[in-house]
Amino acid sequence: MRLDKYISNATDLSRTDAKRLIKNAVVTIDDVIASNPARKIAADETVAIEGSAINRAQSRYFMMNKPAGVVSVTKDHNNPTAIGLMYEHRSDELQIAGRLDIDTTGLLLITDDGKWNHRLTSPRSDCAKIYAVGLAEPIESNYQEKLSAGVLLDGEKHRCLPASMEQIDDYHLTLRIAEGKYHQVKRMFASLGNHVVSLHRFQVGDIILDAELEPGDYRPLTDLEVASIL
Ligand code: URA
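Just so you know, we're using this note's numbering here: the sequence shown kicks off at 62 and counts up by one.
Encoded structure:
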């Protein structure tokens, strides 16, 4: 990472402030005065401002209870975005790990750690996602069997990975899936001849939506929650 970006990530200073400090010759790399803001910083180098070492910025990880009406993209001209609901320094570096549709509520994971995001969302990740699903038509007795055999989604060549469900009442169930295809849950039930009317994600891998979070609220993940995504 460039020196000016490194300083701005590790402190509350802007890139412009960082460049000014470098120009004023108060920034050192391993005790040698640095003059080039574009100089790349290696993992084993120590950057200091006026003799005080600054630590490399830690990656950030959050869970949000996403409300309906909020989109999971970084920028949108028509709707509020999940990242727009956050009060975080350098929010432009945050990414959503596993999007939810505008009308889907619940557990949204947000990070600036691209590798962690990839581990969670790559097609090869077998991280389970658990949803509370409400349907327009009553649940049929063959759903469990069809879901565990792998449903074929409209427009796809390959069946979904086996999914499992737990019926709550005639119209409601808990669904556990291992993938995150585009509109996956809605398309799965469409292929069973039904229609999803409510969708709420409450678990991803071992990370469970914190019951204390009101819709729109968020909190940092604990170290254990972060480490649970392998
Ligand atoms: N599946 C969907 O259809 N929508 C979501 O938001 C998440 C999973």
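Note that the Cβ used here is the ideal one computed from N, Cα and C, for glycine as well.
Of all residues, those with a beta-carbon under 6 Å from at least one heavy atom of the ligand URA are Leu161, Asp162, Thr165, His244, Gln245, Val246, Lys247 and Leu260, reported in chain order. In the displayed model, Leu208 falls within a helix according to three-state DSSP.
Residue burial is scored here from C-beta neighbours: His150 has fewer than 16 other C-beta atoms within 10 angstroms and is therefore classed as exposed. With a 10 Å radius around the Cβ and a threshold of 16 neighbouring Cβ atoms, Tyr67 comes out buried. Counting C-beta pairs with one atom in each stretch, the segment 236 to 250 and the segment 218 to 225 have three or more that are closer than 8 Å, which means they touch. In this structure, Leu170 sits near Ile268, with a CB-CB distance shorter than 8 Å. Looking at Leu270, Leu285, Ile290 and Glu286, the one whose alpha-carbon comes closest to that of Lys127 is Leu270. Contact between Val132 and Ile163 holds, since their C-beta atoms are separated by about 5 Å, short of 8 Å.
Under the 10 Å beta carbon count, Asp173 is surrounded by 16 or more other beta carbons and is classified as buried. If you keep only unbroken alpha helix (DSSP H) runs of at least 4 residues inside the segment 142 to 210, you get 175 to 182 and 204 to 210. For Ile68, the enclosing alpha helix (DSSP H) begins and ends at Leu64 to Ala71. In the structure shown, the three-state DSSP call for Ala103 is coil. Secondary structure note for Ser96: it is in no alpha helix (DSSP H), with a DSSP letter that is neither H nor E. Excluding sequence positions up to five before and after Gly266, its CB lies within less than 7 Å of the CB of Cys188, Ala189, Ser289 and Ile290, all in the same chain and listed in chain order. No residue range can be given for Glu217, since it is assigned to no alpha helix (DSSP H) and is classified by DSSP as neither H nor E. Under the 10 Å beta carbon count, Tyr148 is surrounded by fewer than 16 other beta carbons and is classified as exposed. The C-beta of Asn178 has 16 or more other C-beta atoms within 10 Å across all chains shown, which makes the residue buried. The three-state secondary structure of Glu111, taken from DSSP, is coil.
Pairing Gly159 with Gly167, the inter-Cα distance amounts to about 12 Å. Assigned with DSSP and collapsed to three states, Glu227 falls in strand.
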